[in-house]
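In full-length UniProt numbering, the protein residues as written are 1 to 284.
Read through the structure below, which is laid out as structure tokens, and then see the notes.
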């Protein structure tokens, strides 16, 4: 049976040029959850500014398999140290400012971060759990990132906010794969013929053979009269055409129809309408 294999992308999404910077995180479990969110989206550069407790058992427990991100995390004593070599700094902010600052939504921020990462490290800064980044810290950023959450309940857990940005970075990376055609993982797989579907689409001749067989069975069991057809076969045709059947599905349906004919005693060996295609009734 034909099976299409999905190509694999690497796990070095941005070669660690994009770093996630957490400022004075008070709950070590959140650091672990951030590491997990990062590894899910193939990011590995985590910087911690004055965490209350790290490393510890709680952070590793919450990392759930992303312990390598924690093992490689850099702990520094100031935000200046975390961003000193960066060519672009972006800070998350949930509230407006008296002085307008360049602000963008996560998809645009991901594109901007990716653009700058070719020239050097890019820092995405996330503030404290209880009150985020200070005004002074936000003024160190070239851009602010605003996640447009529910205004009646806008506060995101730290790892949730990081996950949003890591996801957008991953999506931007995948769209840029394969010479601009994007990753096959972003393309829908909804019907035979789509990349990754396991069986080729059924050709027209086989589909038409199925419709002939179906009509004959409906006549055999006194459900359908050819002299007064109405719209029955038209509607059934529309139903099955909408399903976009593959070759195996056609064979299974033909096998079912043949079994109905055999049970009803109407099977006519050798007739084109009662003979199922190859591997009829094949079960997977």
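Where is the CB? At the ideal position from N, CA and C, for every residue including glycine.
- Taken through DSSP and simplified to helix, strand or coil, residue 192 comes out as coil.
- For residue 62, same chain residues with a beta-carbon under 6 Å away, outside a window of 5 residues either side, are 29, 32, 33 in chain order.
- In the displayed model, residue 88 falls within a strand according to three-state DSSP.
- From the listed residues 22, 217, 167, 214, the smallest Cα separation to residue 130 is found for 22.
- Between the alpha carbons of residue 75 and residue 134 lies a gap of roughly 20 Å.
- Across the structure, residue 218 and residue 39 are spaced so that their CA atoms are roughly 56 Å apart.
- The beta carbon of residue 59 sits closer than 7 Å to those of 28, 29, 31, 32, 70, all from its chain and outside the five residues before and after it, given in chain order.
- Counted as a single uninterrupted DSSP element, the beta strand (DSSP E) harbouring residue 19 occupies residues 18-23.
- In this structure the segment 85-92 lies against the segment 137-151, because at least three pairs of beta carbons, one per stretch, are closer than 8 Å.
- Contact check for residue 224 against residue 215 passes: the beta carbons are separated by less than 8 Å.
- Between the alpha carbons of residue 161 and residue 87 lies a gap of roughly 22 Å.
- Boundaries of the alpha helix (DSSP H) around residue 79: 79-83.
- Between residue 48 and residue 73, the beta carbon gap of about 6 Å places them in contact (Cβ cut-off 8 Å).
- Per DSSP, the beta bridge partners of residue 144 are 91, 103.
- Taking all protein chains in view, the Cβ of residue 173 is crowded by 16 or more other Cβ atoms within 10 Å, so the residue is classified as buried.
- The beta-carbon distance between residue 165 and residue 106, rounded to whole angstroms, is 6 Å. This is short enough to meet the 8 Å contact definition.
- Taking 8 Å as the cut-off, the Cβ atoms of residue 207 and residue 245 count as close.
- For residue 120, DSSP records no beta bridge to any residue.
- Taken through DSSP and simplified to helix, strand or coil, residue 226 comes out as coil.
- Following the DSSP letters along the chain, one finds residue 177 in no alpha helix (DSSP H), marked with neither H nor E.
- Within the segment 32-58, complete beta strand (DSSP E) segments of at least 3 residues are found at 45-49, given in chain order.
- In the DSSP assignment, residue 132 forms a beta bridge with 128.
- Going by C-alpha positions, residue 196 is about 7 Å away from residue 189.
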